[in-house]
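*Asks:* All the letters of the sequence shown, read from the start, carry residue numbers 397 to 673 under the numbering used here.
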Amino acid sequence: MFNGKNILITGGTGSFGKKYTEILLSKYRPNKIIIFSRDELKQYEMAQDFNAKCMRYFIGDVRDNQRLKQATKDVDFIIHAAALKHVPIAEYNPMECIKTNIDGAQNVIEAALENGVKRVIALSTDKAANPVNLYGATKLASDKLFVAANNLVGNQDIKFSVVRYGNVVGSRGSVVPFFKKLICEGVKELPITDERMTRFFITLEDGVNFVLKNFERMQGGEIFVPKIPSMKIVDKMANEFSNQDFAMRYLASKVINIYSTEVEKIRALNSKLSELS
């Protein structure tokens with residue numbers, strides 16, 4: 397399906413983009429793979445590892461509608477992987493998160509429609525289901541945009557779909573490399589919010605293969621979700637670092653203890669004030 401095709405990956409220098417490029421080059425013979433991202437250093441570094449004749453590297457931002465339209469000329473397939481994805485950063489920079497995750501999604505859609513791109517898959521997250529933070533909310537809005545874009549294609553043969561999955565093991569900024577870094581630095585206690593906390597984990601390779609499979613079967617308008625088991629983070633860490641000596645520090649219980657102590661102090665103070673009055 398990808399042989400002889402022109403494929404553009406937004407956010408292509410990220411963990412997903414690199415693995416996707418690696419698998420595309422190993423299994424298929426695409427005419428052109430366009431890596432679209434805003435960081436010239438990451439593009440330079442990626443070009444050292446992926447320097448096949450079909451590779452192209454475009455500096456650009458998904459916020460830039462005009463640049464996207466230039467980059468998507470003669471493109472057959474788009475994988476939209478560009479996003480601001482770190483929850484605390486999104487909360488601290490809400491306007492920037494909206495510009496990238498929502499406005500950027502709309503720009504990708506408009507560029508695809510203008511240039512007659514055949515198929516577009518946008519990557520999403522389980523945090524978009526019943527979102528409780530800004531990142532999840534922006535990805536939900538993005539998902540809605542891509543699904544609704546199928547109503548705008550007219551007579552063109554263009555399909556838009558979404559792939560939504562959980563935490564990618566080993567991706568940049570995710571929990572496993574973060575804890576690995578702490579262990580390498582000699583930290584003996586890993587900070588876990590709550591021992592009951594669970595996540596949906598998927599390997600990078602499984603995530604890429606899931607996207608590849610859905611390019612073949614998409615009809616437009618689907619939100620594809622893989623069947624993956626949920627796992628307690630404490631169990632995941634125990635499996636990943638079974639040969640390491642570390643303990644786990646549960647932050648939630650400490651916060652609860654602190655606040656419960658403060659509540660008791662306030663209650664005692666109020667009781668004394670009532671007696672004095």
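Here a beta-carbon is modelled for each residue, glycine too, at the ideal position from N, C-alpha and C.
Values in this document were obtained by computation on a predicted structure and should not be read as measured data.
With DSSP collapsed to three states, give me the class of K438.
*Replies:* The answer is helix: DSSP assigns K438 an H, G or I state.
*Asks:* When the distance is taken between beta carbons, is I505 closer than 8 Å to L541?
*Replies:* In contact: L541 and I505 (Cβ atoms closer than 8 Å).
*Asks:* Between K514 and D470, which are expected to be in contact by the criterion C-beta below 8 Å, what is the C-beta distance as a whole number of angstroms?
*Replies:* So it is not a contact: roughly 11 Å between Cβ atoms.
*Asks:* Hey, is the region 438-452 in contact with the region 486-497, meaning 3+ C-beta pairs nearer than 8 Å?
*Replies:* Not touching, per the Cβ criterion.
*Asks:* Given a threshold of 16 other Cβ atoms within 10 Å of its Cβ, counted over all protein chains shown, does A544 qualify as buried or as exposed?
*Replies:* Answer is exposed; the Cβ neighbour count stays below 16.
*Asks:* What three-state label does DSSP hand N489 in the structure shown?
*Replies:* In the structure shown, N489 sits in coil (DSSP, three-state: anything other than H, G, I, E or B).
*Asks:* Here's the rule I'm using: 16 or more other beta-carbon atoms within 10 Å means buried, otherwise exposed. How should N402 be labelled?
*Replies:* By the 10 Å Cβ count, N402 comes out buried.
*Asks:* Between the C-alpha atoms of K555 and C580, what's the straight-line distance to the nearest angstrom?
*Replies:* Their backbone Cα atoms lie some 45 Å apart in a straight line.
*Asks:* Is N563 helix, strand or coil by DSSP?
*Replies:* Three-state result, N563: strand.
*Asks:* Return helix, strand or coil for T406, following the three-state DSSP convention.
*Replies:* Three-state result, T406: strand.
*Asks:* Return yes when the Cβ of K438 is within less than 8 Å of the Cβ of N497, no when it is not.
*Replies:* Contact: no.
*Asks:* Which one of I624, N511, K481 has the shortest CA to CA distance from L519?
*Replies:* Closest option to L519, Cα to Cα, is K481.
*Asks:* Cutting at 6 Å between CB atoms, please list the residues of its own chain near V516, excluding the five before and the five after it.
*Replies:* Closer than 6 Å at Cβ, skipping near neighbours: I474, A508, F556.
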